[in-house]
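Colleague: Next up is a structure, given as structure tokens.
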Amino acid sequence: MATPRLCLNTITIPGSLPEQVRAAAAAGFAGIGIWEKDVQECPGGIPAAGKVVREGGLAVPEFLVLREFQGVTPERRAQAFAEAEALFGLMRGIGTDTLLACGTTAAGTDRDLDAAAADLRDLGDLAARHGMRIAYEFLAWAAWIKDIATAWEVVRRADRENVGLILDTFHIFMAGSRLEDLEPIPPHRIFMVHLVDAPAMALDVLQISRHHRVFPGEGVLPIPDLVRRLQAKGYTGFYSLEIFNDEYWKRERGALAKAGMASLQRLFDGVTGRR
């Protein structure tokens with residue numbers, strides 16, 4: 001198995017972007033996932049944020065986030081595409097080319113795969129004009145685009161090489177996706193994998209996602225099964241920790257980043273049989 005490329009999403013640890021970059025680099029991560037607010041709140045703005053990332057020596061394999069661009073009113077669609085263009089400007093300034101775009105969650109959305117694919121195709125075409133890619137993520141609490149098979153069918157019908165999937169283990173397992181549905185997906189169309197665990201809790205899935213995600217191995221999700229399948233497929237992209245956890249955010253960022261890295265090392269050691 002090739003050495004996995006590991007990324008730390010800034011939402012996982014507290015602090016400013018410069019502090020988060022330093023903590024991620026010190027913990028041994030090769031990449032960092034950055035949110036729009038990280039750049040906007042960075043002292044010195046876009047140029048300073050770009051400098052911080054370059055000096056930290058980290059790749060930026062994902063930039064977050066565009067929401068509700070799909071199956072919405074014409075007015076909201078136009079607004080979402082304008083938001084995307086603004087995000088592309090921020091992305092260019094920090095040296096990344098991949099925007100995470102969430103699938104629709106609206107209950108009233110028509111369950112029309114072709115229409116959903118057309119919205120994603122148009123977003124991909126807009127991204128291509130800026131030299132960018134769209135990483136499409138389905139969400140466990142969505143009304144209907146909430147599993148691997150449906151999300152891949154939307155991406156497949158969109159039919160753009162700069163449009164691919166983000167696979168998040170929380171959304172995969174909490175919404176009951178079948179791992180067998182990974183089989184038809186070419187590995188190069190998987191742009192990113194989020195490795196997220198969750199405890200067994202009698203709470204709404206959205207509340208667990210926003211407040212109680214945990215590092216791999218600290219919950220009950222069968223993450224090694226997914227990783228084995230991805231490795232067997234030949235996936236070579238980044239694996240990222242994207243952990244929303246109120247208790248984690250109270251911890252010292254450097255120690256938390258190292259704990260996250262340790263959880264990934266244990267995961268991949270287990271997958272490969274190393275101890």
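The opening position of the sequence shown corresponds to residue 1 in our numbering, with each subsequent residue numbered one higher. Glycine included, each C-beta is placed from N, C-alpha and C at the ideal position. For clarity, every value in this text was computed on a predicted model and none was experimentally measured.
1) What is the DSSP secondary structure of Ile32, reduced to helix, strand or coil?
2) Residues in its own chain within less than 7 Å of Ala142 by CB, not counting five upstream and five downstream?
3) Please work out which residues of its chain come closer than 6 Å, Cβ to Cβ, to Met91, disregarding the five sequence neighbours upstream and downstream, and give them in chain order.
4) Take Leu203 and list the residues in its own chain whose beta-carbon comes closer than 8 Å to its own, dropping the five residues that flank it on each side.
5) Out of Ile208, Leu226 and Asp269, point me to the one whose CA is closest to Ile243's CA.
6) Under a Cβ-count criterion, where at least 16 other Cβ atoms within 10 Å of its own Cβ denotes burial, should Gly89 be classed as buried or exposed?
7) Should Val220 be labelled buried (16 or more other beta-carbon atoms within 10 Å of its own) or exposed?
8) Whole beta strand (DSSP E) runs in the stretch 186-214 with 3 or more residues, listed along the chain?
9) Counting only the same chain and skipping the five closest in sequence on each side, list residues whose C-beta sits under 7 Å from that of Ile145.
10) Determine the closest residue to Ala48 out of Gly95, Thr272 and Glu161, with distance taken between C-alpha atoms.
11) Below 8 Å on the Cβ atoms is my guess for Ala296 versus Ala59; work out the distance and round it to an integer in Å.
12) In its own chain, which residues sit with a C-beta less than 8 Å from the C-beta of Gly45, not counting the 5 before and 5 after it?
13) Using beta-carbon positions only, say whether Phe191 and Gly260 come within less than 9 Å of one another.
14) Using alpha carbons as the reference points, say which of Glu68, Glu218 and Arg178 lies closest to Asp197.
15) Given that a residue counts as buried once 16 or more other Cβ atoms are within 10 Å of its Cβ, and exposed if not, what is Met201?
16) Please identify the residue among Arg22, Ser240 and Phe69 whose C-alpha is closest to the C-alpha of Asp119.
17) Suppose the cutoff is 7 Å on Cβ atoms and the five residues either side in sequence are ignored; what does the same chain contact list for Gly131 look like?
18) Can you give the beta carbon distance from Arg5 to Tyr239, rounded, assuming they're within the 8 Å contact cut?
19) Answer yes or no: do Glu161 and Leu126 have a C-beta to C-beta separation smaller than 9 Å?
20) Report the start-end ranges of each beta strand (DSSP E) in the stretch 67-142 that is 3 residues or longer and not cut off at the edges.
21) Quick one: grab the DSSP three-state call for Arg5.
Modeller: Concretely, from the data shown:
1) Ile32 falls in the strand class under three-state DSSP.
2) Gly103, Thr104 and Thr105
3) Phe63
4) His212
5) Ile208
6) Gly89 is exposed by the Cβ-count criterion.
7) exposed
8) 190-194
9) Gly103, Thr104, Ala116, Phe138, Ala151 and Val154
10) Gly95
11) Given a span of 1 to 275 for the chain in the structure shown, any question on residue 296 remains unanswerable.
12) Counting only Cβ-Cβ distances below 8 Å, and skipping sequence neighbours, we find Val39.
13) Taking the C-beta atoms as reference points, Gly260 is found no nearer than 9 Å to Phe191.
14) Glu218
15) exposed
16) Phe69
17) Asp97
18) Contact flag correct, Cβ pair sits at about 7 Å.
19) no
20) Counting only runs of 3 or more, we get 98-102 and 133-137.
21) For Arg5, the secondary structure class from DSSP, reduced to helix, strand or coil, is strand.
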